[in-house]
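Residue numbers (full-length UniProt numbering), protein chains in the order written: chain F, 1 to 112; chain G, 1 to 112. Beta carbons are placed, not taken as given, at the ideal position from N, Cα and C, and that holds for glycine. Since the structure comes first, as structure tokens, the remarks are kept for the end.
Number of protein chains: 2
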Amino acid sequence: MDARDELSLVFQALADPTRRAMLSHLRDGAATVGELAEPFEISRPAISQHLKVLERAGLIERTATAQWRTCTLRTEPLDAASDWVERHRDEWNERFDLLDRRLRDLKGTTDA
Amino acid sequence: MDARDELSLVFQALADPTRRAMLSHLRDGAATVGELAEPFEISRPAISQHLKVLERAGLIERTATAQWRTCTLRTEPLDAASDWVERHRDEWNERFDLLDRRLRDLKGTTDA
DNA sequence: TCATTAATTAAGGAGTTGCTAACATAGTGG
DNA sequence: CCACTATGTTAGCAACTCCTTAATTAATGA
Numbered sequence: 001m002d003a004r005d006e007l008s009l010v011f012q013a014l015a016d017p018t019r020r021a022m023l024s025h026l027r028d029g030a031a032t033v034g035e036l037a038e039p040f041e042i043s044r045p046a047i048s049q050h051l052k053v054l055e056r057a058g059l060i061e062r063t064a065t066a067q068w069r070t071c072t073l074r075t076e077p078l079d080a081a082s083d084w085v086e087r088h089r090d091e092w093n094e095r096f097d098l099l100d101r102r103l104r105d106l107k108g109t110t111d112a
Numbered sequence: 001m002d003a004r005d006e007l008s009l010v011f012q013a014l015a016d017p018t019r020r021a022m023l024s025h026l027r028d029g030a031a032t033v034g035e036l037a038e039p040f041e042i043s044r045p046a047i048s049q050h051l052k053v054l055e056r057a058g059l060i061e062r063t064a065t066a067q068w069r070t071c072t073l074r075t076e077p078l079d080a081a082s083d084w085v086e087r088h089r090d091e092w093n094e095r096f097d098l099l100d101r102r103l104r105d106l107k108g109t110t111d112a
């Protein structure tokens with residue numbers, strides 16, 4: 001993966017439990033890298049890389065204040081991901097509903 | 001990635017334009033591997049591997065009829081993914097609303 | 001039986017991920 | 001200036017991704 005499309009980058013970023021946990025943490029407000037790293041038993045470089053993936057996907061923003069990097073969540077990419085999933089899920093469910101109605105109609109005419 | 005959790009497998013499966021296009025195709029009804037492969041310029045084995053990823057994530061089901069493998073979409077995993085995204089997006093938006101209200105309140109008291 | 005069609009498995013290569021240890025950078029405060 | 005704290009970068013490695021070509025399995029039909 002390199003110059004992948006935005007949606008792929010977002011889904012890719014979400015495809016890791018550690019990164020999802022980080023986003024969950026950020027849901028409760030901005031946090032420094034140290035705070036985000038604290039619950040995990042992995043090294044700081046590993047944390048840095050996870051943050052880089054999240055940043056590349058546009059899911060977080062990092063601002064430097066003194067020697068602390070504060071991370072904040074951004075929701076726009078989540079919106080894009082959400083839209084895709086919802087759209088597909090909904091349209092498929094519509095198909096099921098349609099099928100369901102058709103089956104019911106068929107049963108109705110057969111029974112009548 | 002190997003014995004990853006379900007949610008990671010789903011997001012991982014969605015993190016590829018070819019696979020998302022395949023799912024979009026399947027939204028319009030079941031299809032054989034050949035039909036799914038048709039819009040792409042990649043080899044059949046590559047298609048097979050993409051389908052394997054989708055199957056591992058529980059997003060499709062394959063049934064063999066004669067020499068054709070019919071693929072059908074499954075939405076349960078999409079529901080799980082959707083839930084995660086929605087939950088996070090919503091709670092974050094709530095936070096923004098709260099912040100917004102506070103700022104407005106603050107402004108109100110300052111103005112008064 | 002043999003050729004054809006549909007799809008998968010096998011083997012391998014280029015590039016990426018996710019981790020580690022070691023080193024570098026940058027700001028704070030004695 | 002020097003030690004300390006917070007974070008990032010580099011180098012290296014095992015595992016995985018996504019693709020390929022070649023061989024294989026499985027069903028159809030002359």
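- Assuming Thr72/G and Leu26/G make a contact with CB atoms under 8 Å, what is their CB distance in whole Å? 7 Å
- Do the region 6 to 18 of chain G and the region 8 to 24 of chain F meet, that is, are 3 or more Cβ pairs less than 8 Å apart? The answer is yes - the region 8 to 24 of chain F touches the region 6 to 18 of chain G, with three or more Cβ pairs under 8 Å.
- Query: Counting only runs that start and end within the UniProt domain "HTH arsR-type" (1 to 93) of chain F, where is the beta strand (DSSP E) found for 3 or more residues in a row?
  - Reply: 60 to 65, 68 to 73
- Which chain F residues sit within Cβ distance under 8 Å of Gln12/G? Phe11, Gln12, Ala15
- Message: Quick check on this structure: which residue in Val85/G, Pro77/G, Asp28/G, Ala21/G has the alpha carbon closest to the alpha carbon of Glu76/F?
- Response: Comparing Cα-Cα distances from Glu76/F to each of Val85/G, Pro77/G, Asp28/G, Ala21/G, the minimum goes to Val85/G.
- Item | Distance, Arg87/G Cα to Arg89/F Cα | 16 Å
- Message: Let's test the definition: count the other Cβ atoms within 10 Å of the Cβ of Ala46/G and tell me whether it reaches 16, buried, or not, exposed.
- Response: exposed
- Query: Does any residue of chain F bring its CB to less than 8 Å from the CB of Val33/G?
  - Reply: By this cut-off, Val33/G is not an interface position.
- Item | Members of the region 53 to 73 of chain F near chain G, C-beta cut-off 8 Å | Leu73
- Query: Taking the Cβ atom as the reference point for each residue, do Glu55/G and Arg62/G lie within a distance shorter than 8 Å?
  - Reply: yes
- Query: Leu78/F CB to nearest chain G CB: under 8 Å?
  - Reply: yes
- For chain G, is any of its Cβ atoms less than 8 Å away from the one on Glu6/F? no
- Candidates Glu91/F, His50/F, Asp83/F: which alpha carbon is nearest residue 123/F's? Because chain F is modelled from 1 through 112, residue 123/F falls outside the range shown and cannot be assessed.
- Message: Measuring straight from C-alpha to C-alpha, what distance separates Trp68/F and Glu38/F?
- Response: 15 Å
- Task: Apply the 10 Å Cβ neighbour rule to Ser48/F and answer buried if 16 or more other Cβ atoms are within range, or exposed otherwise.
- Result: exposed
- Item | Cα-Cα separation between Arg19/F and Glu41/F, rounded to whole angstroms | So the two alpha carbons sit approximately 13 Å from each other.
- How many angstroms separate the CA atom of Asp5/F from the CA atom of Ala64/G? 34 Å
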